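Protein chains in written order, with our numbering: chain B, 5 to 407; chain H, 3 to 116.
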């Protein structure tokens, strides 16, 4: 039966998560050079338009439709036709359309996250082809495995409350794969790549933080104690990670604003899979550890001169991996009876299931994304030519300039 | 008639001190431009998300004013003293000879147009 309170919360949460994609556009846009700001914003916002349509036409159906072998959903909901008003197996107290739209917002932001890997050199048409195909052959299957009824990881008992594996690991690992295919920006490591507008990045980061209450809290699919606990632990993890990151940068030199904003995002990503199963103290540990891991992965990434430009792998890939594993450590049935206990609450086998989920999603995302990027590059040229890159993508791809 | 152009590259934060010092010596008009540049100190490092990155050109201000050659040492001294901190990055002053000045409003030329 439809519950008005639950429905209102999920609808608001959906709007919050939709806001995260433009927030991400600003988060990324502030970190690139001035000549590529519009292009970077465009990569995120065009993904909002593109995947919004894909989800209605076939995305939802393939991710959440009738299961085929635990691997992919069916074609029974193509074009969202024949949708029953409520589908209790996914969400018993809200309209099916609310669940579909909520899930759409996740499908949108995931490929938008990847764009941080190849900003300032990606060709626009190659990007569009890549994004549509990536969402189809990476996101939809993984979403089905973990969240779809009959999905094989779901059946194994994998816990991913709001998308640590489905969103953050797929995006982060795929970002690494595409960065390897597309190569460094011209002059990377020789000329400075100065962030053009850190205030824009800080604005984007804290709008993301705000949107995350919908991302995680809405995943309760109800407006009660679980949603309340979820948004509190979400906030706690973001705060712990932001502070931890700031302290690390302070020990090395100065307490960096960009560092604190980055840390907050890493903490929020890491707590995502665990947020519906853990207490606030566990959230502090998850956030702080995430910040430490991610910080040193960025340092290492820079040392080996790999131009995964905005560290999608370090932030979302590492944050997501740690978060999915940490769910197997800190989950408590006392918080969410529909979940499971983790290692620290007497159930070591959950950690095994979580580890398997990490390994499978990492391997699948990396391999498929790497091959897909190679194919799209061969057919549509994913990278602009040298001259276009030097002029900047705002002018060479879009014929516009900022400010 | 002898005219000198004084171009001073200074720290951004020193603009008001320099302006006051020049005004105290009777030099009111000047043009200020935001510029980037580097001297023997080269660039500096700033904080990136993790670790630091270098910027190779530092933001500075350039003040330009044209004075009677007779007064130029006073103007130079005022700028030097106001802009100096004693640390690397204080900037430089370039002095050159100028052929003429024309005030557009009245058409007056030479030192009267200063």
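The beta-carbon is built from N, C-alpha and C at its ideal position, and this holds for glycine as well. Nothing here was measured: the structure is a model prediction, and the numbers come from that model.
According to DSSP, residues forming a beta bridge with residue i
{"i": "residue 72 of chain B", "result": "B:76"}
{"i": "residue 91 of chain B", "result": "B:95"}
{"i": "residue 60 of chain H", "result": "H:39"}
{"i": "residue 67 of chain H", "result": "H:8"}
{"i": "residue 104 of chain H", "result": "H:111"}
{"i": "residue 33 of chain H", "result": "H:66"}
{"i": "residue 401 of chain B", "result": "Note: residue 401 of chain B sits in no beta bridge, so no partner."}
{"i": "residue 387 of chain B", "result": "B:126"}
{"i": "residue 55 of chain H", "result": "H:48"}
Start-to-end residues for the alpha helix (DSSP H) that takes in residue i
{"i": "residue 189 of chain B", "result": "Segment: none, residue 189 of chain B is in no alpha helix (DSSP H) and carries neither H nor E."}
{"i": "residue 129 of chain B", "result": "128-138"}
{"i": "residue 78 of chain H", "result": "74-85"}
{"i": "residue 10 of chain H", "result": "That residue, residue 10 of chain H, is in no alpha helix (DSSP H); its beta strand (DSSP E) goes 5-12."}
{"i": "residue 235 of chain B", "result": "229-256"}
{"i": "residue 158 of chain B", "result": "156-160"}
{"i": "residue 53 of chain B", "result": "41-58"}
{"i": "residue 299 of chain B", "result": "284-307"}
{"i": "residue 103 of chain B", "result": "100-118"}
{"i": "residue 171 of chain B", "result": "Neither: residue 171 of chain B is in no alpha helix (DSSP H) and is coded neither H nor E."}
{"i": "residue 19 of chain H", "result": "17-26"}
{"i": "residue 216 of chain B", "result": "202-221"}
{"i": "residue 326 of chain B", "result": "322-334"}
{"i": "residue 151 of chain B", "result": "144-151"}
{"i": "residue 91 of chain H", "result": "Neither: residue 91 of chain H is in no alpha helix (DSSP H) and is coded neither H nor E."}
{"i": "residue 262 of chain B", "result": "261-275"}
Classification of residue i by the beta-carbon crowding that lies within 10 angstroms, buried from 16 upward
{"i": "residue 61 of chain H", "result": "exposed"}
{"i": "residue 125 of chain B", "result": "buried"}
{"i": "residue 53 of chain B", "result": "exposed"}
{"i": "residue 49 of chain H", "result": "buried"}
{"i": "residue 203 of chain B", "result": "exposed"}
{"i": "residue 226 of chain B", "result": "buried"}
{"i": "residue 13 of chain H", "result": "buried"}
{"i": "residue 72 of chain B", "result": "exposed"}
{"i": "residue 40 of chain B", "result": "buried"}
{"i": "residue 95 of chain B", "result": "buried"}
{"i": "residue 383 of chain B", "result": "exposed"}
{"i": "residue 340 of chain B", "result": "buried"}
{"i": "residue 75 of chain B", "result": "exposed"}
{"i": "residue 165 of chain B", "result": "buried"}
{"i": "residue 257 of chain B", "result": "exposed"}
{"i": "residue 6 of chain H", "result": "buried"}
{"i": "residue 58 of chain B", "result": "buried"}
{"i": "residue 94 of chain H", "result": "exposed"}
Where the beta strand (DSSP E) containing residue i begins and where it ends
{"i": "residue 374 of chain B", "result": "Per DSSP, residue 374 of chain B belongs to no beta strand (DSSP E); it is in the alpha helix (DSSP H), 352-384."}
{"i": "residue 8 of chain B", "result": "That residue, residue 8 of chain B, is in no beta strand (DSSP E); its alpha helix (DSSP H) goes 8-33."}
{"i": "residue 48 of chain H", "result": "46-49"}
{"i": "residue 100 of chain H", "result": "94-100"}
Proximity test, Cβ basis, 9 Å: residue i and chain A
{"i": "residue 72 of chain H", "result": "Here chain A cannot be found, since the structure's protein chains are B and H."}
Going along the stretch 308-327 of chain B in order, which residues come within less than 9 Å of chain H, judged by CB to CB distance? The stretch 308-327 of chain B vs chain H, Cβ under 9 Å: 314, 315, 318, 319.
What residues in the stretch 258-276 of chain B bring their beta carbon closer than 9 Å to a beta carbon of chain H? Residues passing the 9 Å Cβ filter: 258, 259, 260, 261, 262, 263, 265, 266, 267.
Is it true that the stretch 14-23 of chain B meets the stretch 214-230 of chain B, where meeting means three or more beta-carbon pairs spaced less than 8 Å apart? Note that the stretch 14-23 of chain B touches the stretch 214-230 of chain B; at least 3 beta-carbon pairs, one per stretch, sit closer than 8 Å.
Any C-beta of chain H within less than 9 Å: which residues of the stretch 228-255 of chain B qualify? Per Cβ criterion, the list reads 249, 252, 253.
Along the stretch 282-305 of chain B, what residues have a CB closer than 7 Å to any CB found in chain H? Along the stretch 282-305 of chain B, the positions whose C-beta sits under 7 Å from a C-beta of chain H are 299, 302, 303, read in chain order.
Below 8 Å between beta carbons is the criterion; list the residues of the stretch 53-64 of chain H that meet it against any residue of chain B, in chain order. If you check each beta-carbon in the stretch 53-64 of chain H against every beta-carbon of chain B, the ones closer than 8 Å belong to 53, 54, 55, 56, 57, 58.
Chain H contacts from the stretch 200-223 of chain B (Cβ-Cβ distance under 7 Å): Correct list: empty, as no residue qualifies.
Counting beta carbon pairs with one atom in the stretch 60-67 of chain B and one in the stretch 80-89 of chain B, are three or more of them shorter than 8 Å? Taking a contact to require three or more Cβ pairs closer than 8 Å, the stretch 80-89 of chain B and the stretch 60-67 of chain B qualify as touching.
Taking 8 Å as the threshold, find out whether the stretch 106-125 of chain B comes into contact with the stretch 85-93 of chain B through three or more Cβ pairs. The stretch 106-125 of chain B is not in contact with the stretch 85-93 of chain B.
Taking beta-carbon pairs under 9 Å, can you tell me which members of the stretch 182-200 of chain B lie near chain H? Those residues of the stretch 182-200 of chain B that come within reach of chain H (Cβ to Cβ, closer than 9 Å) are 195, 196, 197, 198, 199.
Taking Cβ-Cβ distances below 9 Å as the criterion, which residues of the stretch 32-53 of chain H are in contact with chain B? Near chain B, meaning a CB-to-CB distance below 9 Å, the residues of the stretch 32-53 of chain H are 45, 47, 48, 49, 50, 51, 52, 53.
Three-pair Cβ contact test at 8 Å for the stretch 158-170 of chain B versus the stretch 354-361 of chain B: Touching, yes.
Check whether the stretch 67-75 of chain B touches the stretch 141-154 of chain B, counting contact only when three or more Cβ pairs, one atom from each stretch, lie closer than 8 Å. Taking a cut-off of 8 Å for Cβ pairs, the stretch 67-75 of chain B and the stretch 141-154 of chain B touch, as three or more such pairs fall below it.
Any 3 or more C-beta pairs closer than 8 Å across the stretch 277-297 of chain B and the stretch 80-88 of chain H: Contact between the stretch 277-297 of chain B and the stretch 80-88 of chain H is absent, because fewer than three Cβ pairs lie under 8 Å.
Using 8 Å as the cut-off, can you tell me whether the stretch 38-46 of chain H makes contact with the stretch 97-105 of chain H, which would need three or more C-beta pairs spanning the two stretches below that distance? The stretch 38-46 of chain H and the stretch 97-105 of chain H do not touch, with fewer than 3 CB-CB distances between them shorter than 8 Å.
Decide yes or no for the touch test of the stretch 241-248 of chain B against the stretch 35-48 of chain B: beta carbon pairs closer than 8 Å, at least 3 of them. Taking 8 Å as the limit for Cβ pairs, the verdict is that the stretch 35-48 of chain B does not touch the stretch 241-248 of chain B.
Per the contact definition of three or more C-beta pairs closer than 8 Å, is the stretch 106-115 of chain B in contact with the stretch 132-142 of chain B? Taking one beta carbon from each stretch, the stretch 132-142 of chain B and the stretch 106-115 of chain B have 3 or more pairs nearer than 8 Å; the two touch.
Touch check for the stretch 174-181 of chain B and the stretch 311-331 of chain B: three-plus C-beta pairs under 8 Å? These segments touch.
Evaluate contact between the stretch 386-398 of chain B and the stretch 22-33 of chain H, counting only Cβ atoms and requiring at least three cross-stretch pairs below 8 Å. The way I'd put it, the stretch 386-398 of chain B doesn't touch the stretch 22-33 of chain H; fewer than three beta-carbon pairs between them come closer than 8 Å.
Three Cβ pairs or more, each shorter than 8 Å: is that satisfied between the stretch 333-349 of chain B and the stretch 364-381 of chain B? Judged by pairs of C-beta atoms under 8 Å, the stretch 333-349 of chain B does not touch the stretch 364-381 of chain B, as fewer than three such pairs exist.
Pair every Cβ in the stretch 329-342 of chain B with every Cβ in the stretch 62-74 of chain H, then say whether three or more of these pairs are closer than 8 Å. Between the stretch 329-342 of chain B and the stretch 62-74 of chain H there are fewer than three inter-stretch CB-CB distances shorter than 8 Å, so the stretches are not counted as touching.
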